[in-house]
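According to this note's numbering, the sequence shown is numbered sequentially starting from 849.
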Amino acid sequence: MKILLLEDDLILSEVIVEHLEYYTYDVTPVYNGVDAETLLFEEKFDLLLLDVNVPLLNGFELLKNLRESGNNTPTIFITSMNSSNDVLEGFELGANDYLKKPFEMIELKARIDNIKRHFKIDDERTLMVTDTISYDFDRQLLFLDSKEIQLSKKEGEFFAYFLHNRGKVLSADELMVNVWSYDTSPSSATLRTYIKNLRRILGEEMITTIRGVGYVFN
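Below is the structure:
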């Protein structure tokens, strides 16, 4: 599980990183909102842990920018801003959880585990898609009946995003923002090519086009 941690308290940041790495999470710490936003343009994460009172761009503003741009990465605020209005604002901006400081590391781990269950982020990294299809996230390997099909890195990321959002209508813009980094977003034709390739492998019925709206992975 790949986590971005935005926390300007260096000691607390180090404690959180050490604790989560014990559970084999891949944690990237940053110390101000601008660096966090820049990194999110370049890389994809499974979870964001955001403090609010950080330099240059606070956590609320960062999440607002992300959600407006279509980035729906699950997010937990970790902050000493703990009034009812602060908590309400955090959720209204699109947070998935809100953890008030001070907190115990065991509680943070429990909140992360809850996010993993809710968003079906699987540490075993192999998912049964149907009775005849499974997918190994780490090796980007599809098992279809008795065949093994190796996906390219980008095909694997594209397929994984569909799996994590199964049953939801995903617009072309959302797919581009969440699968490709901002500076390498593909053309609409490229996006359609990836859709076509997945349909060829999985079967036409697995991905439905909602004309003028987006795509649904069934």
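Ideal placement from N, C-alpha and C gives every residue a C-beta, glycine not left out. As the structure is a computational prediction, the values presented were derived from the model and not from experiment.
- Of the other Cβ atoms in all chains shown, 16 or more fall within 10 Å of the Cβ of Gly1004; this residue is therefore buried.
- Sorting Phe967, Leu898, Glu885 and Asn1026 by C-alpha distance to the C-alpha of Thr927 places Leu898 at the top.
- Taking Asp986 as reference, the option from Thr980, Ser1036 and Lys1002 with the minimal CA-CA separation is Lys1002.
- Proximity to Ala943 across Val1017, Asp874, Glu916 and Pro950 peaks at Glu916, based on C-alpha coordinates.
- In the three-state reduction of the DSSP assignment, Leu895 falls in the strand class, which pools E and B.
- Around the Cβ of Asn1026, a 10 Å sphere holds 16 or more other Cβ atoms; the residue is buried.
- Gly918 has its alpha-carbon roughly 12 Å from the corresponding atom of Phe889.
- Per DSSP, reduced to three states, the secondary structure at Tyr983 is strand.
- Phe908 and Glu996 have their C-alpha atoms some 44 Å from each other.
- When secondary structure is reduced to three states using DSSP, Ile1058 falls in the strand class.
- Of the other Cβ atoms in all chains shown, 16 or more fall within 10 Å of the Cβ of Asn920; this residue is therefore buried.
- In this structure, Met1054 places its C-beta atom within 7 Å of the C-beta atom of Asn1066.
- Between the alpha carbons of Asp857 and Asn901 lies a distance of about 10 Å.
- Ile960: member of the alpha helix (DSSP H) spanning Met953 to Phe967, first to last residue.
- Each residue's CA atom was taken as its position, placing Ile851 and Arg965 some 15 Å apart.
- By the criterion of a C-beta distance shorter than 6 Å, Met929 is surrounded in its chain by Val900, once the five residues flanking it on both sides are discounted.
- According to the DSSP assignment, Thr923 belongs to the beta strand (DSSP E) that extends over Thr923 to Thr927.
- The shortest C-alpha to C-alpha distance from Thr980 to any of Ile969, Leu992, Leu911 and Gln988 is the one to Leu992.
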